[in-house]
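Peer 1: Taking this note's numbering, the leading residue of the sequence shown gets -15, the next gets one more, and so forth.
From the three backbone atoms N, C-alpha and C, an ideal C-beta is built for every residue, glycine too.
Encoded as structure tokens, here's the structure I'll be asking about.
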Amino acid sequence: MAQYDVVIIGGGPGGYNGAIRAGQLGLKTAIVEGRGKLGGTCLNVGCMPSKALLHASEMFEAASGGEFAKLGIEVKPKLNLPQMMAQKAESVEALTKGVEFLMKKNKVDYIKGWGRIDGPFSQGIGKVVVKAEDGSETVLETRNIVIATGSEPTPLPGVTIDNKRIVDSTGALSLPEAPKSLIVVGAGVIGLELGSVWKRLGAEVTVVEFLDRILPGTDTEVANAFQKILTKQGFKFKLASKVTGATATDKQVQLTLEPVAGGDAETLQADYVLVAIGRRPYTQGLGLETVGIVPDKRGVIANDHYKTGVDGIWVIGDVTSGPMLAHKAEDEAVACMELIAGKAGHVNYDIIPGVIYTKPEVATVGKTEDDLKAAGVAYKVGKFPFLANSRAKINHETDGFVKVLADAKTDRILGAHAVGPNVGDMIAEICVAMEFGGASEDVARTCHPHPTRAEAFRQAAMGVEGWTMQA
Ligand code: FAD
Ligand code: NAI
């Protein structure tokens, strides 16, 4: 008899949500986590601390950058960075403790240490060896192993992360001072979110990007509009540029770059450099070789519904293919445990939203216009600018727009893309509509509260059939 029905390796959003669902389904479950705290990248060094700093820095900028004064609130703010960092750490601590409580509540054993798969299954039972901090090892026998080991920053050849002057996202979440200048390598989600944090706290931010655009994969019209907004905010962009090296001293970094297309090299100087050129699956020390699993660039590949090629071994979250997002990991975790329990787990990969929590936010779901054009799909577009949304207008948040894409024949919503105030929260209504197979007319004829920014989504949906009323 195995001790466990499921042993999950990794305590991030994939692992801990999976453990909760497995517990609910009555599966005897253990979760193995090596970093000493549950919550994974997301809670410890990702989603949550970054959002804590985005919120705090947004408040600071509103107070210092004239936004409060415009509303008739005159204050002279002083940055207390240690307190800003302390409140971030307190929130993170509370969240990770909360996850630990949820493990107990769902009767999940939390085993601290690094787990490794130990050889092939025998008579349907596999082994996970957990090495604790003190070096002691525990063997867990289980009918199912779920790999949820997440991801790590992709290194940039020629540039050594010292997490002092040249930092990755983890370093950028804990800088000891507000830099006067920051170079961000990579115009992706991390670069633009954490670049925004330090920009608001006083840094001159230059973003160096290999491609000739920001946010590859995001709807081009939205990405271009967002770049204009960021430029207005003071961001500098060096697109189509290749970093060739970086040298750090105690006080500064010199970064050399050259145009991708060839041309003169250039040297930039800044207090700090943040390297954020993507993340890669993490499988170090996992013992995959003992069961014959060979990961590729996308990680451990599932051949059918989270099943690896080895019976009894499953994989979810950042360590497998698909977008590296916490909610994608969570949804896969739920579906995977339901399948292990003999139920019908399912994730709709066409409807995984993505949000960039800058100001304004960027939110996207479904197909982009670029996707539809490339696939030759006949579609209609409805658009609505926040300039014409009354709530955005009274709040002085008029940058951006909403775009709804619908099938030209059936009117079924194929995607929605927005840049604007709070669009990250509001995109959820389009996700629900899409999940129900909704048409743009369904959103257009749904009564929305007034005055809300959500009306911009309704007006954009009305625009698909050409009856936008307020612009
Ligand atoms: P992880 O969260 O990476 O968890 C894996 C865990 O496994 C880790 O704790 C690791 O220590 C542990 N582990 C690894 N190997 C072993 C082993 N052998 N034994 C034991 N434990 C092991 N996503 C969003 O959706 N929204 C956001 O706002 C967002 N913001 C982000 C901001 C930043 C700065 C970063 C870096 C990421 C952000 N992400 C965000 C991405 C998000 O963090 C990941 O998609 C998510 O954490 C993936 O969950 P996971 O469970 O697959 O892996
Ligand atoms: P990313 O994939 O979003 O962006 C990386 C950027 O770096 C791209 O624009 C890419 O073209 C560029 N790049 C690649 N190589 C380069 C090079 N050598 N020089 C210059 N530019 C280069 O990756 P990022 O920002 O590191 O984030 C990693 C993951 O974390 C993402 O997949 C994202 O989904 C997740 N994340 C999600 C957040 C959210 O949902 N709000 C927030 C932060 C991270």
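Rounded to whole angstroms, what is the Cα-Cα separation between Thr144 and Phe194?
Peer 2: Within the sequence shown, the letter at position 160 stands for residue 144. Within the sequence shown, the letter at position 210 stands for residue 194. So the two alpha carbons sit approximately 18 Å from each other.
Peer 1: Would you report the Cα separation of Cys320 and Asn287, rounded to the nearest angstrom?
Peer 2: Indexing the sequence shown from 1 puts residue 320 at position 336. Indexing the sequence shown from 1 puts residue 287 at position 303. Straight-line Cα distance between these residues: approximately 13 Å.
Peer 1: Our contact map puts Ile335 next to Val349 with C-beta atoms below 8 Å; I'd like the distance itself, whole angstroms only.
Peer 2: The sequence position of residue 335 within the sequence shown is 351, counting from 1. The sequence position of residue 349 within the sequence shown is 365, counting from 1. With 8 Å as the limit, Ile335 and Val349 qualify as a contact, their Cβ atoms being about 6 Å apart.
Peer 1: Excluding five sequence neighbours on each side, which residues of the same chain lie with their C-beta closer than 7 Å to the C-beta of Glu316?
Peer 2: Along the sequence shown, one-based indexing puts residue 316 at 332. If we look at Glu316 and ignore the five residues flanking it on each side, its Cβ neighbours are Gly(-2), Tyr290, Ile300, Gly301 and Val331.
Peer 1: Alpha carbon to alpha carbon, how far is Ala400 from Val151? Give it in angstroms, no decimals.
Peer 2: Locating residue 151 in the sequence shown gives position 167, where the first residue counts as 1. Locating residue 400 in the sequence shown gives position 416, where the first residue counts as 1. Taking the straight line joining both Cα atoms gives about 34 Å.
Peer 1: Hey, quick one: how far does the beta strand (DSSP E) through Phe385 stretch, first residue to last?
Peer 2: Here the question's residue 385 lines up with position 401 in the sequence shown. Residues Phe385 to Asp391.
Peer 1: Kindly list the residues whose CB is nearer than 7 Å to the CB of Ser532, restricted to its own chain and excluding five residues on each side of it in sequence; keep chain order.
Peer 2: Residue coverage of the chain in this structure runs from -15 to 455, which leaves residue 532 outside it and unanswerable.
Peer 1: Applying the criterion that 16 or more other CB atoms from any shown protein chain within 10 Å of the CB defines a buried residue, is Trp98 buried or exposed?
Peer 2: In the sequence shown, the residue the question calls residue 98 occupies position 114. Under this definition Trp98 is a buried residue.
Peer 1: Give the DSSP-derived three-state secondary structure of Gly110 in the structure shown.
Peer 2: Here residue 110 refers to the residue found at position 126 of the sequence shown. In the structure shown, Gly110 sits in a strand (DSSP, three-state: E or B).
Peer 1: Per DSSP, what are the beta-bridge partners of Thr13 in this structure?
Peer 2: For the purposes of this step, residue 13 is taken as residue 29 along the sequence shown, with counting starting at 1. According to DSSP, Thr13 bridges with Val(-10).
Peer 1: If you draw a straight line from the alpha carbon of Ser473 to that of Leu22, how long is it in whole angstroms?
Peer 2: Residue coverage of the chain in this structure runs from -15 to 455, which leaves residue 473 outside it and unanswerable.
Peer 1: Between Ala390 and chain C, is any beta-carbon pair separated by less than 8 Å?
Peer 2: In the structure shown, chain C cannot be found, because there is only a single protein chain.
Peer 1: Which one of Ser305, Val181, Asn90 and Glu413 has the shortest CA to CA distance from Ala6?
Peer 2: The sequence position of residue 6 within the sequence shown is 22, counting from 1. The shortest C-alpha separation from Ala6 is found at Asn90.
Peer 1: In three-state DSSP terms, what is Arg396?
Peer 2: One-based indexing of the sequence shown puts residue 396 at position 412. It is a strand residue.
Peer 1: Spatial neighbours of Thr138 within its chain, please: C-beta separation below 7 Å, excluding the five flanking residues on both sides.
Peer 2: Taking the first residue of the sequence shown as position 1, residue 138 is located at position 154. Ile261, Gly262, Arg263 and Arg264, listed in sequence order.
Peer 1: Put Lys216 into one of helix, strand or coil per three-state DSSP.
Peer 2: As a first step, residue 216 must be located in the sequence shown, where it is residue number 232. DSSP places Lys216 in helix when its eight states are reduced to three.
Peer 1: Do you know offhand how far Ala458's Cα is from Thr190's?
Peer 2: With the chain running from -15 to 455 in the structure shown, residue 458 is simply not present.
Peer 1: Please state whether DSSP places Val257 in a helix, a strand or coil.
Peer 2: What you label residue 257 is simply residue 273 of the sequence shown in a count that begins at 1. Here Val257 sits in strand by DSSP.
Peer 1: Tell me which same chain residues have a C-beta within less than 8 Å of the C-beta of Gly229, skipping the five on either side of it?
Peer 2: Along the sequence shown, one-based indexing puts residue 229 at 245. Answer for Gly229: Gly142, Val143, Leu239 and Thr240, listed in chain order.
Peer 1: Can you tell me which of the three DSSP states Phe105 falls into?
Peer 2: In the sequence shown, counting from the first residue as 1, residue 105 sits at position 121. The answer is coil: DSSP assigns Phe105 none of H, G, I, E or B.
Peer 1: Work out the CA separation of Gly30 and Leu11 for me, nearest whole Å.
Peer 2: Here residue 11 refers to the residue found at position 27 of the sequence shown. Here residue 30 refers to the residue found at position 46 of the sequence shown. C-alpha separation (whole angstroms): 29 Å.
Peer 1: Who are the Cβ neighbours of Lys88 in its own chain at under 7 Å, not counting the five residues just before and after it?
Peer 2: To locate residue 88, count along the sequence shown from 1; it is residue 104. Around Lys88: no qualifying Cβ.
Peer 1: Any heavy atom of ligand 4 within a distance shorter than 7 Å of the CB on Leu309?
Peer 2: Ligands displayed in this structure: ligand 1 and ligand 2; ligand 4 is not among them.
Peer 1: Would you list the residues sitting across from Arg437 in a DSSP beta bridge?
Peer 2: Here residue 437 corresponds to residue number 453 of the sequence shown, with the count starting at 1. Paired residue(s): none; Arg437 is not in a bridge.
Peer 1: Using CA atoms only, rank isn't needed, just tell me which of Pro279, Phe368, Lys72 and Thr251 is closest to Leu159.
Peer 2: Translated into positions along the sequence shown, residue 159 becomes position 175. Selected option, being the one with the closest Cα: Lys72.
Peer 1: According to the Cβ coordinates, are Val303 and Ser135 closer than 8 Å?
Peer 2: Sequence index remark: in the sequence shown, residue 303 carries index 319 (1-based). Sequence index remark: in the sequence shown, residue 135 carries index 151 (1-based). In contact: Val303 and Ser135 (Cβ atoms closer than 8 Å).
Peer 1: Assuming Tyr266 and Val237 are in contact, meaning their beta carbons sit under 8 Å apart, how far apart are those beta carbons, in whole angstroms?
Peer 2: The residue labelled residue 266 in the question sits at position 282 within the sequence shown. The residue labelled residue 237 in the question sits at position 253 within the sequence shown. No, Tyr266 and Val237 are not in contact; Cβ-Cβ is about 26 Å, not under 8 Å.
Peer 1: Classify Ile124: buried if its beta carbon has 16 or more other beta carbons within 10 angstroms, exposed otherwise.
Peer 2: Counting from 1 along the sequence shown, the entry for residue 124 is found at position 140. What sits at residue 124 in the sequence shown is Leu, not Ile. So Leu124 counts as buried.
Peer 1: Between the Cα of Ser75 and the Cα atoms of Leu178, Asn28, Asp118 and Phe52, which residue gives the shortest distance?
Peer 2: Reading the sequence shown from its first residue, position 91 is the one you call residue 75. Among Leu178, Asn28, Asp118 and Phe52, the Cα nearest to that of Ser75 belongs to Asn28.
Peer 1: Based on Cα-Cα distance, which residue from Ile4, Ala390 and Phe52 lies nearest to Lys380?
Peer 2: On the sequence shown, position 396 is the one that residue 380 refers to. First, the amino acid is wrong: residue 380 is His here, not Lys. When each option's Cα is compared against that of His380, the closest is Phe52.
Peer 1: Would you identify the three-state DSSP class for His289, choosing helix, strand or coil?
Peer 2: Numbered from 1 along the sequence shown, position 305 holds the residue referred to as residue 289. Of the three classes helix, strand and coil, the one that applies to His289 here is coil, per DSSP.
Peer 1: Asp395: which of Val403, Asn406 and Ala417 sits nearest, CA to CA?
Peer 2: One-based indexing of the sequence shown puts residue 395 at position 411. For Asp395, the nearest C-alpha among the options comes from Ala417.
Peer 1: Look at the Cβ atom of Ile297, then the Cβ atom of Ile129, and state whether they are nearer than 8 Å.
Peer 2: In the sequence shown, counting from the first residue as 1, residue 297 sits at position 313. In the sequence shown, counting from the first residue as 1, residue 129 sits at position 145. Yes.
Peer 1: May I ask which residues mark the beginning and end of the alpha helix (DSSP H) holding Asp426?
Peer 2: Along the sequence shown, read from residue 1 onward, the residue named residue 426 stands at position 442. Taken as a continuous stretch (DSSP letters only), the alpha helix (DSSP H) holding Asp426 covers Ser424 to Ala428.
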